[in-house]
Amino acid sequence: MASVQMTSLDPEHREILERHLSDTPIRLGEIARELGIAVTMSGLPMGISGQIKKEGNQYVIRVNRDESFERQRFTIAHELAHYFLHRDFIEHSPDGIQEGVLYRARVPGQNKRETIRLAFSILLPAELIRREFSKLKSQVPEGELSEQMAANFQVSHSLMKAYLKKLKFLRA
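Numbering (numbering that gives the first Met the number 0), first residue to last: 0 to 171.
Structure representation (structure tokens):
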């Protein structure tokens with residue numbers, strides 16, 4: 000939980016996340032529910048992966064039902080990151096924030112990478128990655144390790160492999 004993005008969250012939100020970031024797979028729906036955010040699978044236009052907006056008194060995350068399960072999970076984590084970082088913008092924008100397939104929503108005055116980093120911290124917390132990697136490396140052949148980690152975290156194999164390389168768990 001040491002990421003800069005996590006430490007900048009308000010204590011109540013940080014506490015909610017800390018309760019949910021200790022076991023695989025991360026239960027994104029439970030995090031959203033505890034925050035009072037509805038998550039729905041929707042028929043979004045092609046090229047749109049997700050959206051977060053405020054409807055009445057409730058925030059709603061819509062996820063493109065036609066995308067893969069693993070991509071839907073990343074989209075939910077990404078929209079949760081927008082909720083934590085850009086609530087003011089979401090609240091005052093009639094359309095909230097819509098995400099294209101490249102996750103490059105425009106939020107005035109905000110760093111796009113900040114949202115992606117927080118989404119990764121939610122979906123793939125570094126401490127949990129380290130713990131799971133240490134546990135699995137003695138149980139799973141090296142060539143299958145990233146695949147097993149991806150299955151445990153319910154993310155795509157390519158995403159997990161790239162992330163493990165970034166964290167220096169796998170050779171580049």
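Virtual Cβ for every residue (Gly too), placed ideally from N, Cα, C. Here the structure is a predicted model, which is why all the values come from computation and not from measurement.
Going by DSSP in three states, residue i sits in which element: helix, strand or coil?
| i | result |
| --- | --- |
| E66 | coil |
| R61 | strand |
| G35 | coil |
| E11 | helix |
| M40 | strand |
| T23 | coil |
| K76 | Position check: residue 76 holds Ala in this sequence, whereas Lys was assumed. Reduced to three states, the DSSP call for A76 is helix. |
| R170 | coil |
| A1 | Per-residue confidence for A1 stands at a pLDDT of 47, beneath the threshold of 50, marking its modelled position as unreliable; no derived number is given. |
| E29 | helix |
Assuming residue i contacts residue j under a Cβ cut-off of 8 Å, what Cβ separation, rounded to an integer in Å, is found between them?
| i | j | result |
| --- | --- | --- |
| I30 | L79 | 6 Å |
| G49 | H77 | 7 Å |
| I47 | H81 | Going by Cβ atoms, the distance from I47 to H81 rounds to 14 Å, so no, they are not a contact pair. |
| L169 | S145 | 6 Å |
| S120 | M45 | Wrong, their Cβ atoms sit about 29 Å apart, outside the cutoff. |
What does residue i pair with, by DSSP beta-bridge criteria?
| i | result |
| --- | --- |
| R54 | Reading off the sequence shown, one finds Glu at residue 54, where the question assumed Arg. Paired residue(s): Q57. |
I want to check one thing, is the minimum distance from the CB of residue i to the heavy atoms of the ligand FMN below 8 Å?
| i | result |
| --- | --- |
| E126 | The ligand FMN is absent from the structure shown, which contains no ligand whatsoever. |
*Indicate whether the contact test is met: 3 or more Cβ pairs, each with one atom in the region 124 to 138 and one in the region 148 to 163, closer than 8 Å.*
By the Cβ criterion, the region 124 to 138 is in contact with the region 148 to 163, since at least three pairs of Cβ atoms, one from each stretch, lie closer than 8 Å.
*So does the region 44 to 63 actually touch the region 13 to 25, counting three or more Cβ pairs closer than 8 Å?*
With the cut-off at 8 Å, the region 44 to 63 and the region 13 to 25 do not touch.
*Contact between the region 35 to 45 and the region 136 to 143: three or more CB pairs below 8 Å?*
The region 35 to 45, when compared against the region 136 to 143, does not touch it at the 8 Å Cβ threshold.
*Taking the runs of the alpha helix (DSSP H) that are 4 residues or longer, which of them lie wholly in the region 83 to 165?*
For the alpha helix (DSSP H) assignment, the uninterrupted runs of no fewer than 4 residues enclosed by the region 83 to 165 are, from N- to C-terminal side, 111 to 122, 125 to 135, 144 to 152, 156 to 165.
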